[in-house]
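Enquirer: Numbers 1 to 320, taken from the UniProt record's numbering, label the letters of the sequence shown in order. Backbone N, C-alpha and C fix where the C-beta goes; we use that ideal spot for every residue, glycine too.
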Amino acid sequence: MSKPIVLLSQNLNKFVQTLLGDDVEQLVLPEAGFSALDTDTIDRIRGVVAFGGFSGVEMDCLPNLEIIACPGVGYDGIDTAHAAERGIVVTHTPNVLNDEVADTTIGLLLNTVRQFYAAEKWVREGRWAKEGGYALSPFALTGRKVGLYGLGRIGMEIAQRLEPFKVEIAYHTRSKKDGVDYAYYPSLAELAEAVDTLICIVPKTPQTHKTIDQTVMKALGPEGILINVGRGWTVNEDDLIAALEAGTLGGAGLDVFYDEPHVPEKLMVFENVSLLPHVASASVPTRTAMAQLVADNISGWFAEGRPVTPVPETPVPPKA
Ligand code: NDP
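1) Could you tell me which of Asn297, Val284, Thr288 and Ser274 sits nearest to Ile106, measuring between CA atoms?
2) Return the chain-ordered list of same chain residues with a C-beta closer than 6 Å to the C-beta of Val256, the five sequence neighbours on each side being excluded.
3) Would you give the residue range spanned by the beta strand (DSSP E) that Asn228 belongs to?
4) Taking all protein chains shown into account, do 16 or more other C-beta atoms lie within 10 angstroms of the C-beta of Ala289, making it buried, or fewer, making it exposed?
5) Tell me the DSSP secondary structure of Tyr184 in three-state form.
6) Using 7 Å as the cut-off, classify the Cβ of Ala189 as near or not near the heavy atoms of the ligand NDP, replying yes or no.
7) So, does the region 282-301 touch the region 249-269, judging by three or more C-beta pairs under 8 Å?
8) Could you check where the beta strand (DSSP E) with His262 kicks off and where it finishes?
9) For Thr314, count neighbouring Cβ atoms within 10 angstroms of its own Cβ and tell me buried if that reaches 16, exposed if not.
10) Pick from Gly133, Leu226, Arg114 and Phe302: whose alpha carbon is nearest that of Trp122?
11) Are the Cβ atoms of Glu201 and Ile158 separated by less than 8 Å?
12) Where do the ends of the beta strand (DSSP E) carrying Tyr149 lie?
13) Counting only beta-carbon separations shorter than 8 Å, does Thr91 have a partner in chain D?
14) For Pro203, verify whether its CB is less than 7 Å away from any heavy atom of the ligand NDP.
15) Residue range of the alpha helix (DSSP H) that His82 falls in?
16) Quick one, are the C-beta atoms of Thr309 and Pro94 less than 8 Å apart?
17) Mapping DSSP to helix, strand and coil, what is Ser274?
18) Looking at the unbroken beta strand (DSSP E) that takes in Gln26, where does it start and where does it end?
19) Which residue or residues does DSSP assign as beta-bridge partners of Tyr134?
20) Thinking C-alpha only, which one of Ile5, Pro30, Leu20 and Phe34 is nearest Asn11?
21) According to DSSP, is Ala252 part of a helix, a strand, or is it coil?
22) Could you say if the region 128-146 and the region 63-80 meet the contact criterion of at least three C-beta pairs nearer than 8 Å?
23) Using the three-state DSSP reduction, which class does Val96 fall into: helix, strand or coil?
24) Excluding sequence positions up to five away, which residues of its chain have a Cβ less than 6 Å from the Cβ of Ile67?
25) Which whole-angstrom value is the C-beta distance of Asn98 and Arg287, which I expect to be below 8 Å?
26) Determine the contact status of Val49 and Val96, defining contact as a CB-CB distance below 8 Å.
27) Among Thr142, Lys130, Arg124 and Gly126, which has the Cα closest to the Cα of Leu110?
Encoded structure:
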């Protein structure tokens with residue numbers, strides 16, 4: 001029997017291709033899309049590795065599709081409801097990126113609070129020697145009250161890293177976590193009232209859409225800091241820009257944006273905003289570990305019908 005074809009989206013990093021090996025035949029989706037593939041090829045496509053997303057319409061172009069592997073933990077771009085209806089298994093890459101994303105979050109938090117990006121620019125532009133030392137940063141991290149919006153796999157790693165920083169830690173999730181001593185707030189509004197620093201690490205779902213809005217930012221206050229490493233979807237960027245312009249929020253550190261890779265021009269001008277191009281997990285070691293998990297999911301599926309990390313929304317049919 002011929003090997004199953006696994007279709008790879010174009011923007012995939014090379015680690016996935018290297019690690020997938022030759023148990024499957026790899027095919028990079030042509031620029032022209034499915035219309036460039038002949039029927040025989042389409043019929044042999046039984047797996048997809050999709051970076052960014054995969055719609056129900058795309059799934060329906062592939063009659064024999066069995067598995068979609070997402071090379072990330074957030075799989076909001078994949079229509080899992082449609083996949084479940086079709087009996088297609090969706091997998092993602094939880095846990096292997098927790099440390100990297102948590103480390104990035106701490107880096108972004110410090111960078112934002114102390115404005116190190118602007119201080120570095122000062123050095124690189126030769127202004128230190130010409131104009132003297134850089135201005136004092138308006139804020140410090142020590143003594144802050146940090147609220148985590150989301151305390152899952154990554155949120156917990158962030159919280160544990162925050163402990164030695166002499167900050168108070170609190171969180172909001174839909175349900176209080178057993179065995180967790182951090183102060184719990186049953187709503188985001190209550191958490192924002194109680195803290196001056198908010199870290200967003202919730203998934204993109206209908207319930208999290210633009211939930212960080214003017215009310216939340218106003219509650220954080222003029223010395224308040226917002227850090228977003230979850231999804232841009234969760235922040236109302238118009239409200240954020242308005243709060244920064246009015247000085248009712250002290251600063252923001254953002255790794256993710258509503259309409260990536262488009263970052264609102266207005267956000268680029270604020271000295272008290274640190275911007276990253278969605279790089280929280282983007283190191284060679286971590287992206288390699290994520291690619292390995294993609295490969296393990298694909299090979300686990302085709303060898304034994306057992307993917308390693310399927311998402312809860314799609315069923316894994318019992319092994320025949
Ligand atoms: P988990 O599923 O482990 O954790 C999600 C957390 O969010 C849980 O604590 C959950 O608690 C909470 N949550 C979910 N929905 C809501 C809601 N409506 N209101 C309040 N809390 C909610 O996910 P991970 O920690 O592994 O990843 C979180 C997200 O981070 C990913 O989905 C992805 O979007 C993003 N991410 C971003 C990266 C980047 O590069 N910037 C890299 C990796 C991840 P409960 O269920 O009790 O509400």
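Expert: The relevant details are as follows:
1) Put simply, of Asn297, Val284, Thr288 and Ser274 the residue whose alpha carbon is nearest the alpha carbon of Ile106 is Ser274.
2) Within its own chain, the residues whose Cβ lies closer than 6 Å to the Cβ of Val256, once the five positions on either side in sequence are excluded, are Asn228, Arg231, Gly232 and His278, listed in chain order.
3) Ile225 to Asn228 is the extent of the beta strand (DSSP E) around Asn228.
4) Answer is buried; the Cβ neighbour count reaches 16.
5) Residue state, collapsed to three classes: strand.
6) No; taking the cut-off as 7 Å, the Cβ of Ala189 has no heavy atom of the ligand NDP nearer than that.
7) Judged by Cβ distances under 8 Å, the region 282-301 makes no contact with the region 249-269, as fewer than three pairs qualify.
8) Counted as a single uninterrupted DSSP element, the stretch harbouring His262 is not any beta strand (DSSP E), since DSSP gives it neither H nor E.
9) That one is buried.
10) If we check each option's Cα against that of Trp122, Gly133 comes out closest.
11) A quick correction: the sequence has Ile, not Glu, at residue 201. For Ile201 and Ile158, yes; Cβs fall inside 8 Å.
12) Segment Lys145 to Tyr149, the beta strand (DSSP E) holding Tyr149.
13) Absence of chain D from the displayed structure is noted, only one protein chain being present.
14) Within the cutoff, so yes.
15) Here the alpha helix (DSSP H) through His82 covers Thr80 to Arg86.
16) Yes, the pair counts as a contact, with Cβ atoms nearer than the cut-off.
17) Secondary structure at Ser274: strand, using DSSP grouped into helix, strand and coil.
18) Where Gln26 is concerned, the enclosing beta strand (DSSP E) stretches over Glu25 to Val28.
19) In the DSSP output, where bridge partners are listed per residue, Tyr134 has none listed.
20) Pro30 is the residue among Ile5, Pro30, Leu20 and Phe34 whose C-alpha sits nearest the C-alpha of Asn11.
21) Reduced to three states, the DSSP call for Ala252 is strand.
22) With a cut-off of 8 Å, the region 63-80 and the region 128-146 do not count as touching, because too few Cβ pairs lie within range.
23) Note: Val96 maps to coil in three-state DSSP.
24) Only residues of its own chain outside the window of five on either side were considered, and among them Gly47, Val89 and Trp301 have a CB closer than 6 Å to the CB of Ile67, listed in chain order.
25) That pair is no contact at about 14 Å.
26) No, Cβ-Cβ distance for Val49 and Val96 is not below 8 Å.
27) The option with the nearest alpha carbon to Leu110 is Thr142.
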